[in-house]
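Heads up, the thing below is written out as structure tokens.
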Amino acid sequence: MEQTFDLQWIDYAIMLIYFVFVLGIGWVLKRFMKDANAFLEAGRSMPAWVAGLAFISTNLGALEVMGMTGSGAKYGMMTTHFYWIGAIPAMIFLAIFMMPFYYGSKARSVPEYLKLRFDEKTRGLNAILFAAMTILASGISMYALAILMEKVLGWDFNVSLILSAAIVLGYTYLGGLSSAIYNEVLQFFIIVIGLFPIVCLSLYEVGGWPGLKEGLAPIVASKGFAPDAFTTTWKYTGAATSNPMGVEWYGIFAGLGFVLSFGYWCTNFLIVQRAMAAESPVAARKTPLIGALPKMLIPFLIIVPGMVALVLMNNPTSGFSITDPITGQPNYDLTIIMLLKHYLPSGVLGLGLTALLASFMSGMAGNVSAFNTVWTYDIYQSYIRPATNDAEADSKHYLKVGRLATILGVVVSIAAAYLAGLFGNIMDFLQTIFSMINAPLFAVIALGMFWKRTTGHAAFVGLLAGFAIALLHHGLTAPMGASTLVKGGWISVVHVYPVEMAQNFWTAIFACFTSASITIGLSFVTKQKKTDEELAGLVYSLTPRVNMNEGKWTSRPSTLAWIVATIAIVLTILFW
Amino acid sequence: MLDIRIPVGLLFVIFGVLLLVFGIATSSYSDMYAKSMQINVNLWSGIFMTIFGAFMLGWVKLAKKEE
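Residue numbers (my numbering), protein chains in the order written: chain A, 521 to 1096; chain B, 38 to 104.
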């Protein structure tokens, strides 16, 4: 197969050294794992910069790296909407307004916060959905990477799947959340430094940013857009048809910038868990902000090379192609790996592949370490074996359960990966469904945090109603040219969106607003069962103000938030 | 507990030196570097990574001194 790589001993040596290090970190941390708290919550001991880099590394999974490079080739610079408008405002909001309650409530997970703030049934609903979603996501991303490795590197699907799962299991089983977080920091540096040569070489070849603009212009014009539609972000969002994403500015603003991103960054335990592991309330607030700094720059690492890939694809002499060796169709997921192949000689090639493996592992370890916490505390401890009077014995017991849950999580992920291979469409459908729970969840948590009248019954019904509306909307609409019912329209098609992304945005918008209105409405007619004392620390108006602004102004979270916001605005204007 | 800067620093020093030496050894292989437009990426990445790794290890030392 002409697409396989020519790897030399040095490439394998780099991968091997990396594996030794990730397992070694788990091994060293093993002796600190004396109780459930250390294993599942990292003993709340992480410095802000460690938690912050882990925070962003978990998000920088294989699907993100592969998907966003592909999107760079598909949509150009508009892909940065997933970063500058679709992540940064939500991360700042999480840091400044929500972290004090998540961290201060002493809840060990997002479902547990729901239990403290609302009631058991709301927690149960969220815990079970979250556990299922996490494992599913983990399985799908394992499948995606293993299939790529097979297609491009010629590595056996089963071997790469089992081997990478075994390594992740190894270090998370040994060192728990601490090991996952520490490795995420290491993986963050590997991903950035490993992919960096691609950025330099690809930009060098096309003649820098001006050369890229020039190279893209005729290609973009031939697609029927303005020549600079791929190198600008907001300029052509006045009408959906004039930009490659097919969404108007208000769709981007409300869908991506508000519901989807707030739903993801502010409620997803996978992400929030990293900030909860921080060593102090101030460190917890700083965690998302420190993560936001690299997050803003990641587009230059993965989207820009994707854009260069589009130029290369249209240049027959470059020999670059993302044609899938099996289907013969262009496969945008292949973009990053084909770029590695195109530019990197042995040596840095091994490093680039290690970066891909690292992104895969950081995503998967994130899923597994969030799953085992929710499973142990929110499912096992709540419904199977509640805590007894003997706290010490309990902690030992839950440590054992946490470890077993880690194994369970990895094994079920592997099963999910095989299912994804066999029933790809069904798995995609399930993932679409699960992605619908985040938007209503954000509405409910935000109401709970900032409005003390919000009741448990209202939150529960609000969540279910938001979910139902999302399903209904998905069932009644379809993206243009959809060939399978997985993409929507399985009830009947009453509205057609130009692209799938627009459909996702509007599904989330409907779900979020339905959920919010029903929760507000029902809160007026149902009785608040929690007393004001019980809600202290959980709700804004009932929590004594802690002065977060002591110390030098340079070390305050609010200063950092202003810096992050300023950089995001400057970047937006520069690439308007 | 373990200071994460130590494994990060060590790993990048190892990677850096490995690539640096490999880059020097292969510096005359123009076929190999045709892909990267005759830029010896191994050498440059090696230099950069060694400096980064050393910086991480130096930071640990500095932090220890301050305590």
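We treat Cβ as the ideally placed atom computed from N, Cα and C, and that holds for glycine.
What does the Cβ neighbour count give for residue i, buried or exposed, with the cut at 16 atoms within 10 Å?
i: A582/A; result: buried
i: S64/B; result: exposed
i: S882/A; result: buried
i: Q793/A; result: buried
i: Y770/A; result: exposed
i: A913/A; result: exposed
i: V50/B; result: buried
i: M611/A; result: buried
i: V542/A; result: buried
i: V78/B; result: buried
i: M93/B; result: buried
i: E21/B; result: Residue 21/B is absent from the model: chain B starts at 38 and stops at 104.
i: F892/A; result: First, the residue type needs correcting, since residue 892/A is Asn and not Phe in the sequence shown. Burial call: buried.
i: S742/A; result: exposed
i: R628/A; result: buried
i: V1090/A; result: exposed
Kindly indicate which three-state DSSP category residue i falls into: helix, strand or coil?
i: T843/A; result: strand
i: L855/A; result: Checking the sequence, you will find Thr at residue 855/A rather than Leu. Residue state, collapsed to three classes: helix.
i: A1085/A; result: helix
i: P1064/A; result: coil
i: V1019/A; result: coil
i: G728/A; result: helix
i: E522/A; result: Unreliable positioning characterises E522/A in this predicted model, as indicated by a pLDDT of 43, which lies under 50. A coordinate reading is not provided.
i: M566/A; result: strand
i: A533/A; result: helix
i: P906/A; result: coil
i: P999/A; result: strand
i: P850/A; result: strand
i: H959/A; result: First, the amino acid is wrong: residue 959/A is Ala here, not His. Helix at A959/A.
i: A746/A; result: coil
i: A1056/A; result: coil
i: A798/A; result: strand
i: K594/A; result: helix
i: F552/A; result: helix
i: F638/A; result: coil
i: W1010/A; result: coil
Please state if the CB of residue j and the CB of residue i are separated by a distance shorter than 8 Å.
i: L736/A; j: L830/A; result: yes
i: S1078/A; j: I616/A; result: yes
i: G696/A; j: L877/A; result: no
i: L649/A; j: S82/B; result: no
i: W604/A; j: T1092/A; result: yes
i: P631/A; j: Y70/B; result: no
i: L790/A; j: G922/A; result: no
i: A558/A; j: I701/A; result: no
i: A990/A; j: V1013/A; result: no
i: L580/A; j: F708/A; result: yes
i: A571/A; j: A812/A; result: no
i: L821/A; j: A556/A; result: no
i: F840/A; j: S698/A; result: no
i: L1058/A; j: F575/A; result: no
i: I1038/A; j: A985/A; result: yes
i: N57/B; j: I84/B; result: Residue identity check: residue 57/B is Leu in the sequence provided, not Asn. For L57/B and I84/B, yes; Cβs fall inside 8 Å.
i: W1096/A; j: W754/A; result: yes
So which residues of chain B does residue i contact, with C-beta pairs closer than 8 Å?
i: V672/A; result: Ordered by position in chain B, no residue passes the 8 Å Cβ test against V672/A, which lies about 16 Å from the chain.
i: S565/A; result: M38
i: V570/A; result: I41
i: P713/A; result: Residue identity differs from the one stated: residue 713/A is Ile in this sequence, not Pro. Ordered by position in chain B, the residues that pass the 8 Å Cβ test against I713/A are F49, S82, F85, M86 and F89.
i: V585/A; result: Correct list: empty, because the minimum Cβ distance to chain B is about 19 Å.
i: Y702/A; result: L39, I41 and P44
What does residue i touch in chain A if you count any residue whose Cβ is under 8 Å from its own?
i: V45/B; result: V705, L706 and F709
i: K72/B; result: H862, Y863, L864 and P865
i: I61/B; result: Ordered by position in chain A, no residue passes the 8 Å Cβ test against I61/B, which lies about 11 Å from the chain.
Who are the neighbours of residue i on chain A, taking C-beta pairs under 9 Å?
i: G95/B; result: Chain A residues near G95/B: none, gap ~16 Å exceeds 9 Å.
i: V54/B; result: Per Cβ cutoff of 9 Å: no residues; V54/B is ~11 Å from chain A at best.
Listing by chain order, which chain B residues have their CB less than 7 Å from the CB of residue i?
i: V1045/A; result: Ordered by position in chain B, no residue passes the 7 Å Cβ test against V1045/A, which lies about 51 Å from the chain.
i: P717/A; result: V78 and S82
i: Y724/A; result: M74
Can you find a C-beta in chain C that's less than 8 Å from the C-beta of residue i?
i: I1038/A; result: Protein chains A and B are contained in the structure displayed, whereas chain C is not.
Mind pulling the chain B residues with CB within less than 9 Å of residue i?
i: I537/A; result: L48, I51, F52 and L55
i: G546/A; result: Result: empty, since nearest Cβ-Cβ is about 10 Å, beyond 9 Å.
Taking one C-beta from the segment 594 to 609 of chain A and one from the segment 892 to 902 of chain A each time, how about it: are there three or more such pairs within less than 8 Å? Fewer than three pairs of CB atoms, one per stretch, sit closer than 8 Å, so the segment 594 to 609 of chain A makes no contact with the segment 892 to 902 of chain A.
Touch test, the segment 938 to 953 of chain A against the segment 973 to 985 of chain A, Cβ-Cβ under 8 Å, three pairs minimum: Between the segment 938 to 953 of chain A and the segment 973 to 985 of chain A there are fewer than three C-beta pairs closer than 8 Å, too few to call the two in contact.
Can at least three beta-carbon pairs, one atom from the segment 673 to 693 of chain A and one from the segment 929 to 940 of chain A, be found at a separation below 8 Å? Between the segment 673 to 693 of chain A and the segment 929 to 940 of chain A, the count of Cβ pairs shorter than 8 Å is three or higher; the stretches touch.
Using 8 Å as the threshold, is the segment 952 to 968 of chain A in touch with the segment 1022 to 1039 of chain A, meaning 3 or more CB pairs across them? Yes, the segment 952 to 968 of chain A touches the segment 1022 to 1039 of chain A.
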